[in-house]
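Letter by letter, the sequence shown follows residues 1 to 348 of full-length UniProt numbering.
The beta carbon of each residue, even a glycine, is placed where N, CA and C say it ideally should be.
Since this is a predicted model, take the numbers as computed values, not measurements.
See below for the structure under consideration.
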Amino acid sequence: MAIQTARLLKRLRNDFQLSIITLMGLFGVIGISPYAVYRLMTGNYLVGLADTVIVFSTLFAVLYAWFTRDTVKPGIYLAAVFSVGATLIAINLGVNGLFWIYPLILFNFFMVTPGKALLATALVLVSLVSHALLVPGSVFESHYQMVSFLVTCMMASVLSFIFAFRTRTQRDQLQLLAIHDPLTGARNRRAMNEELKIAMASHRRHSDNYGLLVMDLDHFKQINDRFGHHVGDQVLVAFVELIKRCSRKEDRLFRFGGEEFLLLLPNTEIDGLRAAANNLLVRVEQELKSPGGAVTVSIGGAILHSGEHWESWLQRADACLYRAKSEGRNRAVIAGIPSPVGHTAASH
């Protein structure tokens, strides 16, 4: 029981949107359930039914988010249900129902993107004003009250929009920094481990083929020692830009050491992996330069085997890289391919 609780808490800490949906859902159920019971008991069946629908919709959306790990659809669903429900309640109860519009504004800005939340709020206000104009006295007691309500709602919406937009932007920036190397822009080791786990799971479930290439720049320490770390940094940045130009859109490049990189290649079999490695060898030797001349790279590669753990897969590729460096550098060693005689395509 304690282990399961710890896992649930860990999911909430790691998934911001899931924690928001869960927390807001909890508050929604606790806050609205008593009203639903009271209104049904006092004969206000329309509003009581609306409250009941909101409560059960909230429970459904939270459970859906937990089981599917999809927080986008439940957020949109809840924003729509709460907006419609709050509008019906306000129309039915009049001034007393208008108080629910203010928490609705905050709720929507937590549930969906700022643009969608602003649109939902605008639709709610337009619906209320339209009904008030068609049926005078049904929602607002006077035009002055209606204008005051609209002004305060718009002020709350604008302030919520600014806050939500800045918060989302900052969170996206933090997430970007958390998975990318700040110097080269390649994904970092943390992202690499997660992507390799995903590749392993995809291979087990759908038999998708994956290959990886572990790359190490040859004699990189000499570049730093002779010309300084700023030159070495420029070489690393240029190397990453070159690899990205030579790779497919679906390939993923990671930096997991000083001059060590990993390229994950989805939908790749052993012949394609060898061709990709040889192409990178040639392009790097021809195009990557330092003040001391051409820069070369050593590469180790491996195809993911059925039932293999991602760490074992990475170790096999790393062992091939070690062989490539020990056999003279500027060459590729691919696990499972016999070693031909040659300089740039020696294989294991």
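Terminal residues of the alpha helix (DSSP H) in which residue i lies
i           : result
residue 109 : 101-111
residue 273 : 270-287
residue 204 : 189-206
Proximity winner among the options, relative to residue i (alpha-carbon distances)
i           : options           : result
residue 93  : 103, 114, 48      : 48
residue 325 : 107, 297, 309     : 297
residue 31  : 107, 63, 9        : 107
residue 303 : 43, 207, 103, 225 : 207
residue 181 : 224, 240, 124     : 240
residue 152 : 99, 176, 87       : 99
residue 194 : 120, 67, 309, 242 : 309
residue 263 : 119, 11, 216      : 216
residue 223 : 246, 251, 290     : 290
Distance, residue j Cα to residue i Cα
i           : j           : result
residue 117 : residue 79  : 8 Å
residue 260 : residue 312 : 18 Å
residue 69  : residue 282 : 43 Å
residue 220 : residue 162 : 47 Å
residue 25  : residue 64  : 12 Å
residue 213 : residue 9   : 36 Å
residue 101 : residue 179 : 39 Å
residue 345 : residue 321 : For residue 345, the predicted model reports a pLDDT of 44, less than 50, meaning its position is unreliable and no value from the coordinates is stated.
residue 39  : residue 156 : 28 Å
Cβ neighbour criterion (16 or more within 10 Å) applied to residue i
i           : result
residue 41  : exposed
residue 166 : exposed
residue 347 : Only weak support is given to the placement of residue 347: the predicted model assigns it a pLDDT of 41, under 50, and the question is left unresolved by the model.
residue 135 : exposed
residue 341 : Here the model assigns residue 341 a pLDDT of 34, short of 50, so the residue's position is not dependable, and the following value carries that caveat. That one is exposed.
residue 306 : exposed
residue 343 : Residue placement at residue 343 cannot be trusted, given a pLDDT of 47 that sits under 50; the coordinates are not used to answer.
residue 275 : exposed
residue 271 : exposed
Opening and closing residue of the beta strand (DSSP E) in which residue i lies
i           : result
residue 299 : 297-303
Review point. So, do the region 251-263 and the region 186-198 have three or more beta carbon pairs nearer to each other than 8 Å?
Key: yes
Check your understanding: Is the region 44-58 close to the region 77-91, with three or more CB pairs under 8 Å?
Key -> yes
Exercise for review: Would you check if there are 3 or more beta carbon pairs closer than 8 Å linking the region 190-203 to the region 271-290?
Suggested key: no
Review point. Do the region 170-177 and the region 119-132 meet, that is, are 3 or more Cβ pairs less than 8 Å apart?
Key: In the pairwise beta carbon analysis, the region 170-177 is classified as not touching the region 119-132: fewer than three pairs are separated by under 8 Å.
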